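Protein chains: 6
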Amino acid sequence: MVSLLTFGETMLRLSPPEGERIETARELDFRSAGAESNVAVTASRLETDACWMSKLPDSPLGRRAVRDVAANSVETEISWSSDGRMGTYYIEQGRKPRGTSVIYDRDDAAIRTASIDEFPVDELFASAKAFYTSGITPALSPTLRETTNELLRRATRNGLTTYFDVNYRAKLWTPEEARNCLTDIFANVDVLIVAERDAEQILNQHGSAKSIAETLRTEHQCEVVIVTRGSDGAVAATETGVLEQRAFVADTLDPIGTGDAFVGAFIASQLAGDSVTDSLETGAATAAVKRTLEGDLALVTPEEIDRVKKEQTDEIDR
Amino acid sequence: MVSLLTFGETMLRLSPPEGERIETARELDFRSAGAESNVAVTASRLETDACWMSKLPDSPLGRRAVRDVAANSVETEISWSSDGRMGTYYIEQGRKPRGTSVIYDRDDAAIRTASIDEFPVDELFASAKAFYTSGITPALSPTLRETTNELLRRATRNGLTTYFDVNYRAKLWTPEEARNCLTDIFANVDVLIVAERDAEQILNQHGSAKSIAETLRTEHQCEVVIVTRGSDGAVAATETGVLEQRAFVADTLDPIGTGDAFVGAFIASQLAGDSVTDSLETGAATAAVKRTLEGDLALVTPEEIDRVKKEQTDEIDR
Amino acid sequence: MVSLLTFGETMLRLSPPEGERIETARELDFRSAGAESNVAVTASRLETDACWMSKLPDSPLGRRAVRDVAANSVETEISWSSDGRMGTYYIEQGRKPRGTSVIYDRDDAAIRTASIDEFPVDELFASAKAFYTSGITPALSPTLRETTNELLRRATRNGLTTYFDVNYRAKLWTPEEARNCLTDIFANVDVLIVAERDAEQILNQHGSAKSIAETLRTEHQCEVVIVTRGSDGAVAATETGVLEQRAFVADTLDPIGTGDAFVGAFIASQLAGDSVTDSLETGAATAAVKRTLEGDLALVTPEEIDRVKKEQTDEIDR
Amino acid sequence: MVSLLTFGETMLRLSPPEGERIETARELDFRSAGAESNVAVTASRLETDACWMSKLPDSPLGRRAVRDVAANSVETEISWSSDGRMGTYYIEQGRKPRGTSVIYDRDDAAIRTASIDEFPVDELFASAKAFYTSGITPALSPTLRETTNELLRRATRNGLTTYFDVNYRAKLWTPEEARNCLTDIFANVDVLIVAERDAEQILNQHGSAKSIAETLRTEHQCEVVIVTRGSDGAVAATETGVLEQRAFVADTLDPIGTGDAFVGAFIASQLAGDSVTDSLETGAATAAVKRTLEGDLALVTPEEIDRVKKEQTDEIDR
Amino acid sequence: MVSLLTFGETMLRLSPPEGERIETARELDFRSAGAESNVAVTASRLETDACWMSKLPDSPLGRRAVRDVAANSVETEISWSSDGRMGTYYIEQGRKPRGTSVIYDRDDAAIRTASIDEFPVDELFASAKAFYTSGITPALSPTLRETTNELLRRATRNGLTTYFDVNYRAKLWTPEEARNCLTDIFANVDVLIVAERDAEQILNQHGSAKSIAETLRTEHQCEVVIVTRGSDGAVAATETGVLEQRAFVADTLDPIGTGDAFVGAFIASQLAGDSVTDSLETGAATAAVKRTLEGDLALVTPEEIDRVKKEQTDEIDR
Amino acid sequence: MVSLLTFGETMLRLSPPEGERIETARELDFRSAGAESNVAVTASRLETDACWMSKLPDSPLGRRAVRDVAANSVETEISWSSDGRMGTYYIEQGRKPRGTSVIYDRDDAAIRTASIDEFPVDELFASAKAFYTSGITPALSPTLRETTNELLRRATRNGLTTYFDVNYRAKLWTPEEARNCLTDIFANVDVLIVAERDAEQILNQHGSAKSIAETLRTEHQCEVVIVTRGSDGAVAATETGVLEQRAFVADTLDPIGTGDAFVGAFIASQLAGDSVTDSLETGAATAAVKRTLEGDLALVTPEEIDRVKKEQTDEIDR
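First to last, the protein sequences are chains A, B, C, D, E and F.
Those letters in the first sequence? Residues 584 to 901, by the working numbering.
Those letters in the second sequence? Residues 584 to 901, by the working numbering.
Those letters in the third sequence? Residues 584 to 901, by the working numbering.
Those letters in the fourth sequence? Residues 584 to 901, by the working numbering.
Those letters in the fifth sequence? Residues 584 to 901, by the working numbering.
Those letters in the sixth sequence? Residues 584 to 901, by the working numbering.
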């Protein structure tokens with residue numbers, strides 16, 4: 584009985600120890616990660632029955648990705664492929680002023696040829712309440728563009744709430760290509776999440792985060808549009824007005840996956856029947872805890888998130 | 584020729600690497616630690632002949648604890664037991680807002696049945712100048728409550744200075760149980776150390792740290808009462824008035840054991856004939872260095888503590 | 584849709600690096616393991632839909648066990664408990680003549696109080712084809728003795744094939760206690776697995792492995808009785824006679840879990856419709872590959888097991 | 584002043600710790616390796632001025648490969664490319680019966696487009712005495728087939744001794760494709776090295792290793808043809824007859840790169856003016872030491888190889 | 584074709600993991616480092632053809648140092664010695680207030696007996712444009728004092744620009760000894776680098792950094808004198824006046840080698856024809872990135888340094 | 584109350600991981616070791632009150648050695664020195680045919696100047712029953728030659744049993760120097776231990792191990808002379824004849840320290856009142872277990888040694 588269904592690529596993630604570089608490291612930390620599996624994992628940690636759908640090479644590399652997701656009690660629905668690679672990325676996290684650098688090696692990933700009929704979509708949509716994918720998926724190939732559109736269309740038709748995070752990746756497509764594609768996609772999106780910078784640079788939005796959220800909401804007839812602003816928090820345009828959520832203070836060990844933690848927790852909270860206000864706070868608290876964890880995954884507990892929300896509030900009350 | 588004798592439980596300590604959780608770690612850092620052995624180790628590092636007395640299961644787990652203490656040239660006086668477990672705790676240290684969480688697995692520790700006649704107390708008290716235990720010990724079992732009281736009584740009778748740190752652990756007993764027990768115990772305590780929060784919540788003290796220290800000193804007829812206040816330093820009520828000690832600025836890697844470092848260094852300094860003022864400063868400097876070390880133990884050197892005290896003072900002078 | 588259901592304790596497993604001891608290790612390898620989850624994992628790796636049922640403390644320690652099992656796509660059905668510990672064991676593997684030593688710290692495990700009505704047994708038995716538990720389970724507490732008996736009774740009543748591995752643990756009960764209890768249990772066991780040494784010392788069987796297998800089969804009216812003999816392979820008494828299976832040549836890195844690998848693979852093969860002869864060979868090949876893997880789990884692939892079986896056969900043909 | 588020039592691909596090499604699998608490893612050992620850079624490194628360790636020529640992506644991944652080679656005082660002559668990937672392989676080494684498995688992820692490597700005019704060949708051939716490449720290079724792309732042929736032709740024309748190791752890789756081309764290509768290549772090869780199995784399966788040779796070596800030598804008009812036979816040693820057909828070389832007894836930690844160690848040491852010995860007999864022995868001794876080292880590289884010293892040769896001889900004498 | 588030549592000692596560097604001490608560490612990080620090889624490596628990373636000249640024991644320890652330098656594509660010109668040790672130092676980096684402590688074990692290093700005729704100086708000076716050594720070299724032995732003077736003299740005579748970093752080490756000589764020796768040396772130094780503290784304590788300079796730089800420049804007739812001031816940046820007295828360079832904001836992981844990174848980058852920039860102003864900025868940016876890397880070496884890329892310089896500037900513009 | 588007193592050098596021991604070399608290792612295993620502290624540790628593990636006496640530099644390096652010894656509950660009596668180094672050795676253990684290589688860096692160790700009056704010898708000899716040192720000690724310096732002789736003389740005069748292991752080190756002195764020195768020393772040795780090879784090459788003994796033992800015993804008027812023969816066991820010439828002891832079968836992980844384990848266990852057994860026959864067996868069993876442990880120390884337990892002796896015997900009985 585799946586409640587949340589997500590669809591997208593998951594890659595292998597290799598990273599050197601702190602203070603080392605890819606050029607010098609003798610050992611690499613080895614994980615797998617992808618926006619859509621990250622979101623499913625976060626939601627599962629917060630007690631949502633989640634399922635991640637993908638296409639993977641039928642090899643130990645592909646099975647590794649499934650293993651990392653299944654460990655978090657997320658169901659997996661995989662189209663196993665004899666063609667295509669496992670996308671891979673190398674990430675080197677440096678302190679200031681070195682910063683974080685990512686090297687993508689994701690060409691020819693098996694998922695690029697995934698079409699909707701490779702998945703038991705009817706069965707999954709029968710029970711699911713929500714569907715999520717991100718702007719990375721349609722950016723990967725023309726086939727995936729179609730598959731993404733079709734999945735959103737059918738999800739909508741089946742009465743699911745559709746969540747979509749723009750997640751623009753400059754190495755995959757140009758702003759113009761993205762804009763053209765996304766406009767179609769937004770037609771079937773109920774809840775749109777977009778980073779302020781992407782809204783400006785890709786969606787050509789201007790003005791305050793609030794006005795961007797409202798404009799996008801109106802323009803694309805979404806239920807909710809969330810504009811995320813990193814350490815400046817997030818704003819959400821809803822039917823009843825614009826809401827604001829501060830970012831929780833966090834001491835960052837690993838920033839990767841913070842956005843997915845926010846979205847996964849927001850969806851879990853929404854599926855649990857919380858208000859948008861509460862869901863935004865849960866999202867922000869989860870994102871903050873994620874920052875203290877190595878790897879893309881927000882391996883949190885509901886109790887922990889409650890405590891963080893409470894302590895944060897306490898701090899304000901004093 | 585033992586100068587300081589301590590008595591109490593030492594547990595195994597297991598902790599995941601930074602950024603990992605107990606749920607995900609593939610390797611755990613493995614140490615042993617306990618307030619009373621920590622204090623003995625700190626004192627020994629500062630050139631005090633120290634001996635730690637305890638009861639342990641006769642197994643590699645029990646011997647491990649002895650090994651970690653003996654490595655620091657602390658003598659050990661162990662009652663080896665074929666019954667009872669080795670108490671264990673898991674510690675997960677997270678950055679803000681995750682914080683530190685501890686999972687205790689300490690039921691049925693071998694020490695719970697330790698009675699005073701299992702140890703060569705007469706011989707040890709003949710040479711020792713000081714005795715130390717903490718509020719954890721009587722909290723572990725009724726037998727230990729008796730043993731603690733008896734040890735303090737005999738130490739006093741033998742002319743030793745008795746040091747006692749309240750160290751309240753909510754998972755071991757209620758505030759009320761603690762209060763009842765501790766009142767008896769304080770009758771044989773010369774130097775009482777208590778965290779400000781414990782003084783308030785367990786001992787029902789109110790007002791400034793200074794007034795709490797003075798009240799407790801009068802009430803329990805102690806020589807010295809030290810109220811510790813974390814990054815706000817400590818105050819000590821003495822015969823000649825109340826002294827204040829600032830905390831030294833420290834960049835914390837591992838906060839566990841900081842209090843024991845303070846107490847161990849304070850005792851070592853007292854045994855070396857320093858004034859209470861000097862001993863408080865030595866305690867504070869040692870606690871600060873401890874914060875930079877992984878594990879509970881303050882593996883410092885006297886020269887290092889002198890340097891820290893000097894540099895700190897210099898900074899103030901300018 | 585579960586095909587194989589298993590029930591039993593899973594413990595935390597801590598082990599020092601090669602060449603180190605528990606007394607000296609600074610880091611411990613951290614895993615979780617238990618006969619019944621090991622069997623479920625092995626079966627799942629060989630394409631059986633498996634579910635592991637247990638009772639665990641509601642803590643990161645309990646969740647860790649679930650995580651390790653779920654990573655292998657085994658479903659988990661957990662009764663979460665606020666009482667009871669997480670059983671733990673320390674394992675030190677030494678070369679000759681030091682050998683392997685295990686320290687159990689498993690008293691008061693949460694599972695000891697598990698009764699059948701804490702689990703959705705009816706639902707699970709409706710789909711499952713096979714049930715497995717081992718002699719460790721009834722040895723843990725009187726409650727578990729009842730629960731084990733009741734589970735086997737109901738499994739039988741629901742038409743499942745029941746598998747039972749004697750797995751005698753001297754630290755849990757005496758041979759006599761075991762014998763008394765197991766005789767009752769065997770009444771509802773279809774496939775009995777027993778180590779030759781346990782058959783002799785606990786079940787008072789004598790003679791050749793073959794005759795032991797046949798005697799036990801007749802005495803307890805089992806379908807199949809498998810007597811395992813370590814590097815001497817196994818014999819199976821069946822309706823149509825006694826079968827023999829050699830052990831595959833293996834260079835052992837970690838022997839723990841070899842028996843569970845054999846049983847899990849045997850069950851998976853049986854559920855796939857293979858003959859007992861084939862299932863024994865699959866079991867033996869899987870056990871051999873397990874010996875090359877660190878930890879209790881036989882993280883094999885079907886292709887790999889096929890290759891091992893084929894190569895082994897080739898070796899014989901020459 | 585380069586004495587030996589080699590040309591070929593070097594890949595990233597990722598491998599899990601012993602007892603772990605790619606599916607489970609949390610850390611991967613990270614190195615780079617390729618037949619032609621391995622040979623250059625071995626030769627350099629044995630005091631040959633060596634240079635490795637290749638084409639690499641202009642990224643930290645490409646620079647990593649250069650770094651690993653340069654550390655061994657091998658000169659590098661790189662055509663830096665903005666297109667193409669860094670070939671990668673995952674290697675899982677298991678004890679018996681699991682064995683070693685390799686997953687190649689080498690499509691679209693930058694080197695596939697390397698043409699001869701990307702390198703300062705004239706300058707390099709002016710000083711070099713020997714050129715080496717292997718059958719992997721022409722198998723990677725049609726362009727590389729041409730480049731390989733052209734390099735061998737020009738090397739021959741410049742009076743260099745050309746060394747070629749067949750190194751058949753079934754995942755790159757069929758036996759027939761290989762055969763067709765290699766026949767052309769052999770026309771410009773002075774010293775041909777081929778594994779007995781490749782000689783049989785790819786070059787359609789039959790009979791004893793000796794007769795294979797002689798037949799190939801005659802057929803392709805080589806100076807020397809070496810047929811390698813793993814633990815059975817090697818035979819070399821020369822102008823003055825066939826020589827035999829036993830393999831040195833070795834306890835294998837990592838077998839990968841053993842063949843390259845043999846070839847690199849053979850070439851270094853030849854360049855130092857040793858006889859073929861001596862060079863074969865040096866090759867075999869170096870290959871044996873390589874087996875005790877993690878990674879593809881034979882990081883030996885001349886003294887060590889002399890000692891191994893001497894001790895081995897001593898053992899025989901007794 | 585060497586552009587920059589450096590001469591000096593390189594030592595083995597051993598350091599415990601963070602939070603551990605030399606007294607407790609079970610594993611030590613193992614590298615090699617020395618001011619002059621550090622400078623050569625930094626320059627090489629920034630596309631300068633660099634060569635490091637030294638004298639080392641002919642052992643794996645000596646070869647280790649060569650390997651670490653050669654990995655960075657620095658040429659090495661070594662006088663191999665059968666006498667003398669490999670200098671070694673232990674470094675323990677602690678957070679505040681513990682700080683960093685270094686234990687030198689460098690007596691009797693092989694380099695102490697190095698005379699100029701052990702190196703092919705004529706050949707190297709024929710192509711090189713710049714020569715660098717530091718005040719550590721003459722401090723090591725009377726022989727090295729002579730060798731240093733002679734190298735600087737000949738470099739000057741051959742038209743090279745000579746760079747010299749005072750690098751005072753109190754454990755090697757007294758301020759007076761240093762002063763006497765350095766005055767001679769400065770006669771052949773074109774670009775002098777000196778820490779403000781050393782200028783004050785060793786060279787008896789007083790006043791502002793600017794005036795110190797100018798005074799030293801006049802006194803010793805240098806082209807440029809750079810006074811470095813840690814987090815306060817640097818000032819450079821040049822023919823056309825005094826320049827100031829701020830330190831870039833950096834989050835320090837390992838401060839060791841920061842000065843060498845500054846100097847190496849400054850020299851590389853000068854050799855590339857940049858202005859002193861630009862070279863100072865490149866030096867400061869490289870020093871800042873070095874602070875984020877473990878070990879003495881500034882393993883940077885030119886692109887990275889450009890980005891840091893640019894971002895830094897942007898931050899100021901806002 | 585010390586029962587066994589030992590005197591000698593302890594060095595730092597650095598070793599790369601398996602498969603790595605000193606030239607390539609990024610991390611070194613870090614321990615301390617020396618024949619005389621190894622013997623004290625082994626004896627302590629087998630319940631002998633042991634004390635190790637030495638002279639060390641007053642630094643973290645010196646304290647490290649004390650710590651490693653004290654962890655095994657051995658008392659330490661150290662003359663702390665401000666002069667002299669901490670001897671160090673690097674050990675690279677390779678499989679066949681690479682073998683084990685050791686690089687000593689032990690010149691100018693602090694112990695070289697140790698004279699007898701730096702230690703409270705009278706007090707220690709008052710309680711001790713046995714004294715042990717090895718041939719390494721007098722080889723280190725003329726001063727130590729005197730000190731060794733004087734210690735043995737006084738030990739004898741005080742009625743202690745003196746144990747001496749020849750332990751010839753070719754890098755410290757010539758066979759002739761050793762022979763001259765040792766002849767004097769033997770005059771005060773009760774129990775002499777010598778490897779067969781040293782007896783032949785240094786002491787000019789010939790014939791069977793038995794006859795060598797007997798000859799040495801007669802010549803030097805020892806109580807017992809033990810000739811050790813590696814995997815061929817040992818023979819002991821005693822008052823009542825010559826005894827033979829087989830080596831126990833062992834799978835060697837680390838051979839270093841095996842001889843010290845044998846001697847330490849032999850002495851412990853003798854001090855416990857066992858017969859020479861029993862002590863030899865205890866020595867051999869302890870040496871065998873040592874081979875399975877990383878590092879020089881035989882961290883065994885009495886129970887374990889009893890089990891090994893029993894199992895070994897059982898194997899023979901069958």
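C-beta: ideal position from N, C-alpha, C; glycine also.
Only a predicted model underlies this, so the values are computations on that prediction, with no experimental measurement involved.
- One Cα belongs to A:LEU735, the other to A:VAL622, and the distance between them is close to 17 Å.
- Within the same chain, GLY816, ALA817, GLN828, ARG829, ALA830, PHE831, PHE845 come within 8 Å of F:ALA867 by CB-CB distance, once the 5 residues on both sides are set aside.
- Beyond the five residues adjoining it in sequence on each side, E:HIS803 comes within less than 6 Å, by CB distance, of PHE769 in the same chain, given in chain order.
- With fewer than 16 neighbouring CB atoms inside 10 Å of its own CB, D:THR757 falls in the exposed class.
- Close to chain A, meaning a Cβ-Cβ distance shorter than 7 Å, is no residue of the region 761 to 781 of chain C at all.
- Residue pairing of D:ALA616 in beta bridges, as defined by DSSP: D:MET594.
- Residue pairing of B:THR671 in beta bridges, as defined by DSSP: B:LEU595, B:ASP688.
- The DSSP-derived three-state label of C:GLY866 is helix.
- Taking the Cα of E:SER710 as reference, the smallest distance to any Cα among E:LEU765, E:GLY682, E:ASN741, E:ALA778 is reached at E:ASN741.
- In this structure E:PRO703 is exposed. Its beta-carbon is surrounded by fewer than 16 other beta-carbon atoms within 10 angstroms.
- According to the DSSP assignment, D:LYS638 belongs to the beta strand (DSSP E) that extends over 633 to 640.
- F:THR631 counts as buried, since at least 16 other C-beta atoms from the protein chains shown sit within 10 angstroms of its C-beta.
- When secondary structure is reduced to three states using DSSP, F:ILE605 falls in the coil class, being assigned neither helix nor strand.
- The beta-carbon of A:SER615 is placed no less than 8 Å from the nearest beta-carbon of chain C.
- Judged by DSSP in its simplified three-state form, F:GLY816 adopts coil rather than helix or strand.
- Taking CB atoms only, E:ASP691 has a neighbour in chain F less than 8 Å away.
- Nearest to E:SER627 by alpha-carbon distance, out of E:SER642, E:LYS638, E:VAL652, is E:VAL652.
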